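Chemist: The structure follows.
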Amino acid sequence: MAKPDEQSFKKAIERNPHLGEYLNEFLKEGNPKPEFYVQLSREMKNMEDINLIYPVGDPIFIHIYKPEGEREPKYIVIEPKFTKTLREKYKAIFKKMLEVIPFQMEPKDSREFKLMLDQMLGEICQIGEEEEKEGIFSKILKKKNIDKVYLTPREYDELRYKFMKDMAGLGALEPFVRDHYIEDIHCIGIGNIYLFHKIFELME
Numbered sequence: 002m003a004k005p006d007e008q009s010f011k012k013a014i015e016r017n018p019h020l021g022e023y024l025n026e027f028l029k030e031g032n033p034k035p036e037f038y039v040q041l042s043r044e045m046k047n048m049e050d051i052n053l054i055y056p057v058g059d060p061i062f063i064h065i066y067k068p069e070g071e072r073e074p075k076y077i078v079i080e081p082k083f084t085k086t087l088r089e090k091y092k093a094i095f096k097k098m099l100e101v102i103p104f105q106m107e108p109k110d111s112r113e114f115k116l117m118l119d120q121m122l123g124e125i126c127q128i129g130e131e132e133e134k135e136g137i138f139s140k141i142l143k144k145k146n147i148d149k150v151y152l153t154p155r156e157y158d159e160l161r162y163k164f165m166k167d168m169a170g171l172g173a174l175e176p177f178v179r180d181h182y183i184e185d186i187h188c189i190g191i192g193n194i195y196l197f198h199k200i201f202e203l204m205e
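My numbering puts the sequence shown at residues 2 to 205.
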């Protein structure tokens, strides 16, 4: 049976501040602390108290929790929150992308598209006090008198994830696709989504 890994949990929180924030909010509500597993095992199906977190690739984590009295465990996606401030900066960056992207060659595949996104983000955004890089998009920005968007390192990481998920990934489905423990997804009407998990079977 897989064992919890507290050391990996601490390292994951250091890399992903939103994970620590989620954990603090969960504990403030009076809930027990979840255990962190790097990987799951079939034997975990028989756990009495299901309350665990596992990674599916930074910055996404999955929290499976069965509240007392509930029939099925809850499947909770933990990812960076899209705050009002980030939303405004996302819109500003996207607007600047639309102004410079016509000057870029059309990417041949998804890999090239991701590289192009990374290049645009790196040159449209000014991160902390790092020295500015002079690339093709930087030159276009200067010619068109387009100001850069200033971000903290954390804001950059979270916005990069959002752009990659929305433009080069599968949007809201990205966490489910990354989770190889998910076998099937069901949605009845306009209600909640139900998942069939390889270990814990049906969950909401």
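Glycine residues also receive a C-beta, built at the ideal position from the N, C-alpha and C atoms.
Quantities reported herein were computed from a predicted structural model and do not represent experimental measurements.
Which residue from Gly170, Phe201 and Gly172 puts its Cα closest to that of Asp185?
Modeler: It is Phe201 whose Cα lies nearest to the Cα of Asp185.
Chemist: Only counting runs of 4 or more residues, tell me where the alpha helix (DSSP H) segments fall wholly within the segment 17-96, in order along the chain.
Modeler: 18-29, all fully within the segment 17-96.
Chemist: Drop a sphere of 10 angstroms on the beta-carbon of Ile65, count the other beta-carbons inside from all chains shown, and report buried for 16 or more, exposed for fewer.
Modeler: Label assigned to Ile65: buried.
Chemist: Here's a check: name, in chain order, each residue in its chain whose Cβ is nearer than 6 Å to the Cβ of Ile54, leaving out the five neighbours to either side.
Modeler: Closer than 6 Å at Cβ, skipping near neighbours: Pro35, Phe37, Phe62 and His64.
Chemist: Measure the C-alpha to C-alpha separation of Lys109 and Lys97 and round it to an integer number of angstroms.
Modeler: Roughly 22 Å between the two C-alpha positions.
Chemist: So, with DSSP's three-state summary, where would you put Met121?
Modeler: Reduced to three states, the DSSP call for Met121 is helix.
Chemist: In the DSSP assignment, find the unbroken beta strand (DSSP E) run with Glu159 in it and report its ends.
Modeler: No beta strand (DSSP E) contains Glu159, which is instead part of the alpha helix (DSSP H) from Pro154 to Phe164.
Chemist: Exposed or buried, what is Asn146 when buried is set at 16 or more other beta-carbons lying within 10 Å of its beta-carbon?
Modeler: At Asn146, the pLDDT of 49 sits below 50, so the modelled position is not reliable; the number obtained from the coordinates is stated separately. So Asn146 ends up on the exposed side.
Chemist: Can you give me the Cβ contacts of His19 inside the same chain, cut-off strictly under 8 Å, excluding the 5 residues immediately before and after it?
Modeler: Taken in chain order, the residues that qualify are Pro60, Ile79, Glu80, Pro81, Lys82 and Glu159.
Chemist: Considering only DSSP beta bridges, list what Val150 is partnered with.
Modeler: DSSP lists Cys126 as partners of Val150.
Chemist: Using the Cα positions of Tyr182 and His198, report the straight-line distance between them to the nearest angstrom.
Modeler: The straight-line gap from Cα to Cα measures roughly 6 Å.
Chemist: Just verifying my parser: in three-state terms, what is the DSSP assignment at Phe201?
Modeler: In the structure shown, Phe201 sits in coil (DSSP, three-state: anything other than H, G, I, E or B).
Chemist: Whole angstroms are fine: how far does the CA of Lys11 sit from the CA of Lys1?
Modeler: This structure cannot settle anything about residue 1, because the visible part of the chain is limited to 2 through 205.
Chemist: Secondary structure at Leu196, three-state DSSP: helix, strand or coil?
Modeler: The answer is strand: DSSP assigns Leu196 an E or B state.
Chemist: Quick one: grab the DSSP three-state call for Asp167.
Modeler: Reduced to three states, the DSSP call for Asp167 is helix.
Chemist: For the beta strand (DSSP E) that contains Glu184, what are its first and last residues?
Modeler: Start and end: Ile183 to Cys188.
Chemist: Name the two residues that bound the continuous alpha helix (DSSP H) containing Pro175.
Modeler: In the sequence as displayed, the identity of residue 175 is Glu instead of Pro. Run containing Glu175: Glu175 to Arg179, per the alpha helix (DSSP H) assignment.
Chemist: Which same chain residues, not among the five before or five after Gln40, have their C-beta less than 8 Å away from its C-beta?
Modeler: So the qualifying residues of the chain are Ala3 and Tyr55.
Chemist: Among Lys85, Cys188 and Val57, which one has its Cα closest to the Cα of Glu175?
Modeler: When each option's Cα is compared against that of Glu175, the closest is Val57.
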